[in-house]
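Worksheet: one structure, shown below.
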Amino acid sequence: MVFPNNRMRRLRTTDSMRRLVRETAVAVDNLVYPLFVRKGNRLKEPIESMVDCFHFSPDTIVKEAEEVAKLGIPAVLLFGLPGEAQAKSGLPDKKDKTGSEAWAEDGAVQDAIRQIKKAVPELVVITDVCLCAYTSTGHCGLIKDGKVDNDSTIELLAKVALSHAQAGADIVAPSDMMDGRVKAIREALEANSFKDIAIMSYAAKFASAFYGPFRDAAESAPDASTGLTDRKTYQMDPANARQALAEIALDIEEGADIVMVKPALPYLDIIYRARQRFDCPIAAYNVSGEYMMVCSAAQAGLVDKDAAMLEILTAIKRAGADIIITYFAKKMAKSFSKFV
Ligand code: PBG
3 MVFPNNRMRR LRTTDSMRRL VRETAVAVDN LVYPLFVRKG NRLKEPIESM
53 VDCFHFSPDT IVKEAEEVAK LGIPAVLLFG LPGEAQAKSG LPDKKDKTGS
103 EAWAEDGAVQ DAIRQIKKAV PELVVITDVC LCAYTSTGHC GLIKDGKVDN
153 DSTIELLAKV ALSHAQAGAD IVAPSDMMDG RVKAIREALE ANSFKDIAIM
203 SYAAKFASAF YGPFRDAAES APDASTGLTD RKTYQMDPAN ARQALAEIAL
253 DIEEGADIVM VKPALPYLDI IYRARQRFDC PIAAYNVSGE YMMVCSAAQA
303 GLVDKDAAML EILTAIKRAG ADIIITYFAK KMAKSFSKFV
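Numbering (my numbering), first residue to last: 3 to 342.
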């Protein structure tokens, strides 16, 4: 069919017409909201590197969780920081070589899980399982002989995941990129009768420049004294797509229920290819640097923030993601209420 029989613009004439033929729509059900928690009381400190994001303490995060649930967002993703708020308390933080605070029964994340599940039981609580915010080296694993050691690290990650399950987490999400960590976590959960705890693995996680604002927020940048200033020996090379599919296949085999691609925007092709090949739910992480690019551009008057947010989240969904983890989740959820 050619012009004038076919005029593509006929179906773009009005907003209602465009809605009628729209192929992709982000739903509030697709969203996960990341939250940062650290020890303390009545803490709600703005995170300098991330607009509209805060460090909460376990007591204040409950209020935030209630608001998130009220907006219809089904899940939060918790990140923990060890020790008290540094700048204010002046206390030494609790980082050590093994990141032991990560599996402390009274750790900030563990406390937050218990309190959120008590106050808002219907909200799905996902926890980030990693060591980088807890190790003095800032790496996601133990350093041995100048390298990040795989096999001793996955034992610790299993301990972390188990401590989150014991506190009441619904889903644990390992973000370290060690080999075999999903298997180690799945075995630890099964052995301790946590048969219904799901694993969402950061399966294809790339060594990205877009984690910068997060590393400030989580105080988790690799320490230069280790001689390893980046995470390239464990996170993926941005150039690799076939390898990403291999990572995802392995995690599914090891017991992951949901697999994640991270970051989202430079990796829409990976999301798309994963969607073609795998049938399990696919999550995409619209990371801190992607978020702050939009916020900064909006602040400079260069883009319309709401429009950019909608366009980006729609693109991630269109590529094939079922679940979108995004710092825009609340803003996006509020924009839906315009229609109801
Ligand atoms: C921890 C972790 C990181 C992010 C999520 N989990 C940082 C990193 O790998 O350095 C990044 C999230 C974001 O940038 O929003 N390993």
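Quick reminder that beta carbons are idealized off the backbone N, C-alpha and C, glycines included. As the structure is a computational prediction, the values presented were derived from the model and not from experiment.
Can the beta-carbon of F56 be found less than 8 Å from the beta-carbon of K46? Translated into the one-based positions of the sequence shown, residue 56 becomes position 54. Translated into the one-based positions of the sequence shown, residue 46 becomes position 44. A contact, by the Cβ cut-off of 8 Å.
Comparing alpha-carbon positions, which option in V261, D232, R12, R233 lies nearest A246? As a first step, residue 246 is located in the sequence shown; it is residue number 244 there, counting from the start. A246 has its Cα closest to that of V261, out of V261, D232, R12, R233.
Measuring only the C-alpha atoms, how far is L270 from A321? For the purposes of this step, residue 270 is taken as residue 268 along the sequence shown, with counting starting at 1. For the purposes of this step, residue 321 is taken as residue 319 along the sequence shown, with counting starting at 1. Distance between the alpha carbons of L270 and A321 is about 6 Å.
Would the C-beta of R12 count as close to the ligand PBG, meaning under 7 Å from any of its heavy atoms? Here the question's residue 12 lines up with position 10 in the sequence shown. No.
Using C-beta distances below 8 Å, list every residue in its chain close to G170, excluding the 5 sequence neighbours before and after it, in chain order. Here residue 170 is taken as the residue at index 168 of the sequence shown, counted from 1. Same-chain partners within the cutoff: I115, R116, K119, V127.
Starting from K120 and walking both ways along the alpha helix (DSSP H), at which residues does that stretch end? Walking along the sequence shown from the start, residue 120 turns up at place 118. Run containing K120: 110 to 121, per the alpha helix (DSSP H) assignment.
Which first and last residues belong to the alpha helix (DSSP H) in which Y274 is found? Against the sequence shown, residue 274 aligns to sequence position 272. Unbroken alpha helix (DSSP H) run through Y274: 270 to 279.
Any beta-carbon of chain D closer than 8 Å to the one on P265? Here chain D cannot be found, since the structure has a single protein chain.
What does the alpha-carbon distance come out to for the pair I326 and M334? As a position in the sequence shown, residue 326 is number 324, starting the count at 1. As a position in the sequence shown, residue 334 is number 332, starting the count at 1. If I take the Cα positions, the gap works out to 11 Å.
Does the Cβ-Cβ distance between N288 and T328 come in under 8 Å? Taking the first residue of the sequence shown as position 1, residue 288 is located at position 286. Taking the first residue of the sequence shown as position 1, residue 328 is located at position 326. Yes.
Span separating the alpha-carbon of L158 from that of K97: Numbered from 1 along the sequence shown, position 156 holds the residue referred to as residue 158. Numbered from 1 along the sequence shown, position 95 holds the residue referred to as residue 97. Approximately 15 Å between the Cα atoms of the pair.
Do you know offhand how far V122's Cα is from P76's? To locate residue 122, count along the sequence shown from 1; it is residue 120. To locate residue 76, count along the sequence shown from 1; it is residue 74. The straight-line gap from Cα to Cα measures roughly 11 Å.
Looking at the structure shown, is R11 part of a helix, part of a strand, or coil, going by DSSP? Numbered from 1 along the sequence shown, position 9 holds the residue referred to as residue 11. The three-state reading of DSSP puts R11 in helix, counting H, G and I together.
Beta-carbon spacing of A209, D239 below 8 Å: Against the sequence shown, residue 209 aligns to sequence position 207. Against the sequence shown, residue 239 aligns to sequence position 237. A Cβ-Cβ contact shorter than 8 Å links A209 with D239.
Is the closest heavy atom of the ligand PBG to the C-beta of V289 under 7 Å? For the purposes of this step, residue 289 is identified with residue 287 of the sequence shown, where counting begins at 1. Checking the Cβ of V289 against the ligand PBG gives yes.
Proximity test, F208 beta-carbon vs the ligand PBG heavy atom, cut-off 7 Å: Position 206 of the sequence shown holds residue 208. Checking the 7 Å criterion, the Cβ of F208 is out of range of every heavy atom belonging to the ligand PBG.
Curious, which full-length alpha helix (DSSP H) runs of at least 4 residues does the segment 149 to 176 contain? 152 to 169
State the beta-bridge partners of T235 as determined by DSSP. As a working note, residue 235 is residue 233 in the sequence shown. Its beta-bridge partners do not exist; DSSP assigns none.
Rounded separation between A106 and P265 - CA only: Working through the sequence shown from its first residue, we reach residue 106 at position 104. Working through the sequence shown from its first residue, we reach residue 265 at position 263. Rounded to the nearest angstrom, the two C-alpha atoms are 29 Å apart.
Whether or not the segment 174 to 183 and the segment 129 to 140 are in contact is what I'm after, with contact meaning three or more pairs of Cβ atoms, one per stretch, closer than 8 Å; do they touch? yes
Nearest-angstrom Cα distance between G109 and R275? Residue numbering aside, residue 109 sits at position 107 when the sequence shown is read from its first letter. Residue numbering aside, residue 275 sits at position 273 when the sequence shown is read from its first letter. C-alpha separation (whole angstroms): 38 Å.
The ligand PBG heavy atoms versus the CB of S138: any closer than 7 Å? Start at 1 with the first residue of the sequence shown, and residue 138 comes out as number 136. Flag unset: Cβ of S138 not near the ligand PBG.
Within a Cβ cutoff of 7 Å, which residues of the same chain sit near K90, ignoring the five residues on either side of it in sequence? In the sequence shown, the residue the question calls residue 90 occupies position 88. In this prediction, K90 has a pLDDT of 48, which is less than 50 and means its spatial position is unreliable; what the coordinates show is noted afterwards. Excluding residues within five positions, none has a Cβ falling inside 7 Å.
Cut-off 6 Å between Cβ atoms - residues of its own chain near S222, not counting five sequence neighbours on either side: What you label residue 222 is simply residue 220 of the sequence shown in a count that begins at 1. Excluding sequence neighbours, S222 sits near C134, A135, G140.
Do the segment 246 to 258 and the segment 182 to 198 meet, that is, are 3 or more Cβ pairs less than 8 Å apart? yes
If you draw a straight line from the C-alpha of S339 to the C-alpha of E68, how long is it? Here residue 339 refers to the residue found at position 337 of the sequence shown. Here residue 68 refers to the residue found at position 66 of the sequence shown. C-alpha separation (whole angstroms): 17 Å.
Are there any heavy atoms of the ligand PBG lying less than 7 Å away from the beta-carbon of C297, as far as the coordinates show? Position 295 of the sequence shown holds residue 297. Checking the Cβ of C297 against the ligand PBG gives no.
State the DSSP-derived secondary structure class of G322, mapped to helix, strand or coil. Here residue 322 refers to the residue found at position 320 of the sequence shown. Coil, per DSSP.
Taking Cβ positions, are D324 and A285 nearer each other than 8 Å? Working through the sequence shown from its first residue, we reach residue 324 at position 322. Working through the sequence shown from its first residue, we reach residue 285 at position 283. Cβ distance < 8 Å, so D324 and A285 count as in contact.
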